[in-house]
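What the sequence shown shows, in our numbering, is residues 960 to 1208, in sequence order. Every residue gets a Cβ at the ideal spot worked out from N, C-alpha and C, and that includes glycine.
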Amino acid sequence: KKRSAGKTLFRKYSEASTLLHRNWTGIWTLRKKAVEDWDFLQEPMDVFMLSLFFADLIQALGAVLDIKWINEGKVETGPFCTAQGIIQQLGETGVAITTLIIALYTFIVVRWRKGMDAVIISKLVTVTVWAFIIIMIIVGNTTRGPNYEEPTPYWCWIGENHTALRIIGEYVWFWITLGAPFLVCSFGAEATSSSTTSPGGNSPSIVDPINPRARKKKRAQAELSQHDRIPCSLLNPRPPFKRGPLDHV
């Protein structure tokens, strides 16, 4: 009887342990799934848009700091001027580069159907962009003297004596961001037109008007071609707002 009772107790203990393990595994799986569902960075575009919003916020903050100069009626060098120049660089350059990345990523996804699950790569790209901007700011402010950020003339930004860093750190990204969508649109239109022509020539392929299967196939190809077309408005987001005149370059 003692042996039978021991076996029964051991069996009950095993069943309870198995049930507890299954319940704990199920709860952990549901909890993990819930956390994943609530993660707002589920796609690469989520990462890029978050970076763009953050850069826009910084850029807006730099514009708000103009209240001090309006109140005082003058713009002068100093710690506040340096802080505004740094904020302006972070926001404006961040908006320009992130807008360029969004345009290129949109083209890659729409045209080749690739990169839709590359969340880790998008995070690495975003971190690299911000690291580049921060390094440029540190290099400029530590190697070009205390007046690296100075009035330009209605707010503070990179001084007019530092043209090279103006171009490398900001202007070149504005120009690339404005020009890249037009090149991408041209390439996409050319690739689409070549895909809708027959393999043997430049004229569209002839479809038998009597064969309904051929007409249906041609219609499907035309619809697919329309979906593959990339509107320029999608790849040409609003250009980054630059308040400084380009006359100093």
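Notebook entry, point to check: Can you name the start and end residues of the alpha helix (DSSP H) that proline 1110 belongs to?
Noted result: In the sequence shown, residue 1110 corresponds to position 151, counting from 1. From DSSP, proline 1110 is part of no alpha helix (DSSP H) but of the beta strand (DSSP E) over 1108-1110.
Checklist line | Nearest-angstrom Cβ-Cβ length linking phenylalanine 1007 and serine 1081, presumed shorter than 8 Å | finding: The count along the sequence shown starts at 1 and reaches residue 1007 at position 48. The count along the sequence shown starts at 1 and reaches residue 1081 at position 122. That pair is a contact at about 6 Å.
Note to self: Please state whether the Cβ-Cβ distance between glutamine 1043 and glycine 1021 is less than 7 Å.
What the structure shows: Along the sequence shown, read from residue 1 onward, the residue named residue 1043 stands at position 84. Along the sequence shown, read from residue 1 onward, the residue named residue 1021 stands at position 62. Result yes, Cβ atoms of glutamine 1043 and glycine 1021 sit closer than 7 Å.
Notebook entry, point to check: Which whole runs of the alpha helix (DSSP H) in the segment 1024-1066 are 4 residues long or more, in chain order?
Noted result: For the segment 1024-1066, whole alpha helix (DSSP H) runs of length 4 or above, ordered along the chain, are 1025-1031.
Check: For isoleucine 1017, which residues of its own chain have a beta-carbon under 8 Å away from its beta-carbon, when the five flanking residues on both sides are left out?
Finding: Here residue 1017 corresponds to residue number 58 of the sequence shown, with the count starting at 1. Cβ neighbours of isoleucine 1017 beyond the five flanking positions: Ile1046, Leu1049, Gly1050 and Gly1053.
Item checked: glutamate 1109 beta carbon less than 7 Å from that of glycine 1118 -> Here residue 1118 refers to the residue found at position 159 of the sequence shown. Here residue 1109 refers to the residue found at position 150 of the sequence shown. Yes, the Cβ-Cβ distance between glycine 1118 and glutamate 1109 is below 7 Å.
Check: Alpha carbon to alpha carbon, what distance is there between glutamate 1002 and lysine 1033?
Finding: Counting from one through the sequence shown, the residue named residue 1033 turns up at place 74. Counting from one through the sequence shown, the residue named residue 1002 turns up at place 43. Straight through space, the alpha carbons of glutamate 1002 and lysine 1033 are spaced by roughly 46 Å.
Checklist line | tryptophan 1114 (DSSP reduced to helix, strand or coil) | finding: Here residue 1114 refers to the residue found at position 155 of the sequence shown. In this structure, tryptophan 1114 counts as coil in the three-state DSSP scheme.
Next item on the list: In the DSSP assignment, find the unbroken alpha helix (DSSP H) run with lysine 1082 in it and report its ends.
Entry: The count along the sequence shown starts at 1 and reaches residue 1082 at position 123. Per DSSP, lysine 1082 belongs to the alpha helix (DSSP H) from 1078-1102.
Margin query: What would DSSP say about leucine 1000, mapped onto helix, strand or coil?
Written below: Here residue 1000 refers to the residue found at position 41 when the sequence shown is read from its first residue. DSSP, reduced to helix, strand and coil, places leucine 1000 outside both helices and strands of the structure shown, so it counts as coil.
Notebook entry, point to check: Out of Thr1036, Tyr1064 and Glu1031, which has the shortest C-alpha to C-alpha gap to isoleucine 1143?
Noted result: On the sequence shown, residue 1143 is found 184 positions in, with the first residue counted as 1. Sequence inspection shows valine at residue 1143; the isoleucine mentioned does not correspond to that position. Measuring from the Cα of valine 1143, the nearest candidate turns out to be Tyr1064.
Check: Just the Cα atoms here: how many angstroms apart are tryptophan 1116 and glycine 1138?
Finding: As a position in the sequence shown, residue 1116 is number 157, starting the count at 1. As a position in the sequence shown, residue 1138 is number 179, starting the count at 1. Looking at the two C-alpha atoms, the distance is approximately 24 Å.
Next item on the list: Would you tell me roughly how many angstroms separate the C-alpha atoms of serine 1145 and threonine 1087, rounded to the nearest one?
Entry: The residue you call residue 1145 lines up with position 186 of the sequence shown. The residue you call residue 1087 lines up with position 128 of the sequence shown. Serine 1145 and threonine 1087: Cα-Cα distance of roughly 28 Å.
Next item on the list: With distances taken Cα to Cα, identify the nearest neighbour of aspartate 1015 among Gly1037, Ile1056, Glu1035 and Lys1027.
Entry: Working through the sequence shown from its first residue, we reach residue 1015 at position 56. Of the candidates Gly1037, Ile1056, Glu1035 and Lys1027, the one whose C-alpha sits nearest the C-alpha of aspartate 1015 is Ile1056.
Note to self: For tryptophan 1028, which residues in the same chain have their Cβ closer than 8 Å to its Cβ, ignoring the five residues on either side in sequence?
What the structure shows: Residue 1028 sits at position 69 when you count from the first residue of the sequence shown. Same-chain partners within the cutoff: Val1034, Tyr1113 and Trp1114.
Checklist line | Minimum C-alpha distance to glycine 1099 - residue among Glu1031, Trp1089, Arg1125 and Val1131 | finding: Working through the sequence shown from its first residue, we reach residue 1099 at position 140. Nearest to glycine 1099 by C-alpha distance, out of Glu1031, Trp1089, Arg1125 and Val1131, is Arg1125.
Item checked: Check whether threonine 1041 and asparagine 1106 have beta carbons under 7 Å apart -> Taking the first residue of the sequence shown as 1, we reach residue 1041 at position 82. Taking the first residue of the sequence shown as 1, we reach residue 1106 at position 147. Cβ distance not < 7 Å, so threonine 1041 and asparagine 1106 don't count as in contact.
Next item on the list: Taking 7 Å as the cut-off, decide whether the C-beta atoms of leucine 1210 and isoleucine 1135 are in contact.
Entry: The shown model of the chain, from 960 to 1208, leaves out residue 1210, and the question about it has no answer.
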